[in-house]
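Notes for the one structure printed next.
Protein chains in written order, with my numbering: chain H, 700 to 814; chain S, 51 to 295.
Spelled out as structure tokens, the structure:
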């Protein structure tokens, strides 16, 4: 938490960077509950950007892994995500199956190629 | 079973709240949610946040992707402004979800304040189950039912945040590494699961490639830029294909 010092700053950051920018959309949803077209072009674009941001976080967490996960070689982490993806495709597009297969690949890879 | 069934079971807001709470116990989302939030608790631990901060984060943000963006960007040293912008963009999907849910709850002359709690509880898990189960609930009970659903899922997520935080601290390194790995895996698989059309797959694929690429630029707003470029590229291809069709 290099940009923050102390516990109070962390809670202030939680409100300012976490709660408010997130909750604003729920609030606006209540305000504009009528008169917003689900299929409008702006919403299609916004959803694409939001998906891409989440995808960016997923990839960053895999490539630049946090904490103890960084001890597992990068190639093992990336391969484990790909194997999890294959598991997801092979086993009825199941989220659960994809996660389990990916986890097994990570642990085996780390044991075989050094954690 | 000789007694004739009551024409209307005695319904009260309290009973409806209980039914909502109960519905979360049998839902498959509770398991997915538990796994996801174990990962988030472990992530918060490894990025140096406190247990209270992590639990409060789940309570007041209550949106998995936003929490992962927040924890990893603040924890990685991003400024409050950069983290806030990334969270804000990652949460836009809550708006159409709330907009789709509220007409099922509203009654004429109802105060907007009564919708604040169901709106806060709105997250993917609660939303999907609410849309499925609400039609079977009497209209006057629906807000209480939604609040029950939301409470059940939120309690599940907070228990998991607590568990993940503690496990990350106590487990041997490889096991807590595996917990941290739950976050990218669970979000990748559920995003894939929710993908229906080409633009969904394109924005996911482009985002996966550009996220780490933009991270190398060391820009403060790398996540926002990679999302804007990847998402816009996916949108342009989608429009182009529509125009060709």
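Virtual Cβ for every residue (Gly too), placed ideally from N, Cα, C.
Chain-ordered neighbours of residue i on chain B, where CB pairs are closer than 7 angstroms
i              : result
residue 718(H) : Here chain B cannot be found, since the structure's protein chains are H and S.
Under 7 angstroms from the C-beta of residue i: neighbouring residues of chain S
i              : result
residue 768(H) : 227, 230, 231
residue 812(H) : Going along chain S, no residue has its Cβ under 7 angstroms from residue 812(H), so there is no contact; the nearest lies around 12 angstroms.
residue 745(H) : 142
Start and end residues, alpha helix (DSSP H) containing residue i
i              : result
residue 750(H) : 740 to 762
residue 706(H) : 706 to 712
residue 160(S) : Note, residue 160(S): premise wrong, no alpha helix (DSSP H); not H, not E.
residue 731(H) : First-last for residue 731(H): undefined, no H or E at that position.
residue 210(S) : 192 to 220
residue 793(H) : That residue, residue 793(H), is in no alpha helix (DSSP H); it is neither H nor E in DSSP.
residue 240(S) : 223 to 244
residue 79(S)  : 78 to 96
residue 274(S) : 272 to 294
residue 154(S) : Where residue 154(S) is concerned, there is no enclosing alpha helix (DSSP H), given that its DSSP letter is neither H nor E.
residue 114(S) : 114 to 125
residue 182(S) : 174 to 183
residue 75(S)  : 63 to 75
residue 718(H) : Premise fails: residue 718(H) is in no alpha helix (DSSP H) and is neither H nor E.
residue 247(S) : Where residue 247(S) is concerned, there is no enclosing alpha helix (DSSP H), given that its DSSP letter is neither H nor E.
residue 168(S) : 166 to 171
Close-in-space but distant-in-sequence residues of the same chain around residue i (CB under 7 angstroms, 5 per side omitted)
i              : result
residue 279(S) : 260
residue 267(S) : none
residue 105(S) : 208, 211, 212
residue 702(H) : Its pLDDT being 46, under 50, residue 702(H) is placed unreliably by the model, and the measurement read from it follows with that caveat. Result list for residue 702(H): empty, nothing under 7 angstroms.
Sequence-distant residues of its chain with Cβ nearer than 6 angstroms to residue i (five each side left out)
i              : result
residue 273(S) : 136
residue 196(S) : 168, 180
Nonlocal neighbours in the same chain, by C-beta distance under 8 angstroms from residue i, ignoring five residues either side
i              : result
residue 71(S)  : 198, 199, 201, 202
residue 64(S)  : 194
residue 192(S) : 66, 154, 155, 184
residue 122(S) : 93, 97
Anticipated Cβ contact below 8 angstroms, residue i with residue j, distance rounded
i              : j              : result
residue 810(H) : residue 231(S) : With 8 angstroms as the limit, residue 810(H) and residue 231(S) do not qualify as a contact, their Cβ atoms being about 14 angstroms apart.
Residue i: contacting residues in chain H (beta-carbon distance under 9 angstroms)
i              : result
residue 262(S) : 755, 758, 759, 761, 762, 763
Interface residues of chain H facing residue i [CB-CB closer than 7 angstroms]
i              : result
residue 139(S) : 748, 749, 752
residue 250(S) : 750
Listed by chain order, chain H residues near residue i by CB distance under 8 angstroms
i              : result
residue 119(S) : 752, 753, 756
residue 122(S) : 756, 759, 760, 765
Contacts that residue i makes with chain S (C-beta to C-beta distance below 9 angstroms)
i              : result
residue 809(H) : 224, 227, 228
Proximal residues of chain S, C-beta to C-beta of residue i below 8 angstroms
i              : result
residue 798(H) : 85, 232, 235, 236, 239
residue 791(H) : Going along chain S, no residue has its Cβ under 8 angstroms from residue 791(H), so there is no contact; the nearest lies around 11 angstroms.
residue 806(H) : 224, 228
At least three beta-carbon pairs within less than 8 angstroms, the segment 85 to 103 of chain S to the segment 133 to 148 of chain S: Per the Cβ contact rule, the segment 85 to 103 of chain S is not in contact with the segment 133 to 148 of chain S (fewer than 3 Cβ pairs under 8 angstroms).
contact_flag[the segment 197 to 209 of chain S, the segment 769 to 780 of chain H] where n(CB pairs < 8 angstroms) is 3 or more: As far as the Cβ criterion goes, the segment 197 to 209 of chain S does not touch the segment 769 to 780 of chain H, which means the pair count is below three.
Stretch pair the segment 750 to 770 of chain H + the segment 791 to 800 of chain H: three plus CB contacts closer than 8 angstroms: At 8 angstroms Cβ cutoff, the stretches do not touch.
The segment 234 to 249 of chain S touching the segment 210 to 226 of chain S, judged by at least three CB pairs closer than 8 angstroms: In short, these stretches do not touch, since the Cβ pair count stays below three.
Three or more C-beta pairs below 8 angstroms linking the segment 116 to 128 of chain S and the segment 90 to 108 of chain S: Contact annotation: the segment 116 to 128 of chain S touches the segment 90 to 108 of chain S, with at least three C-beta pairs closer than 8 angstroms.
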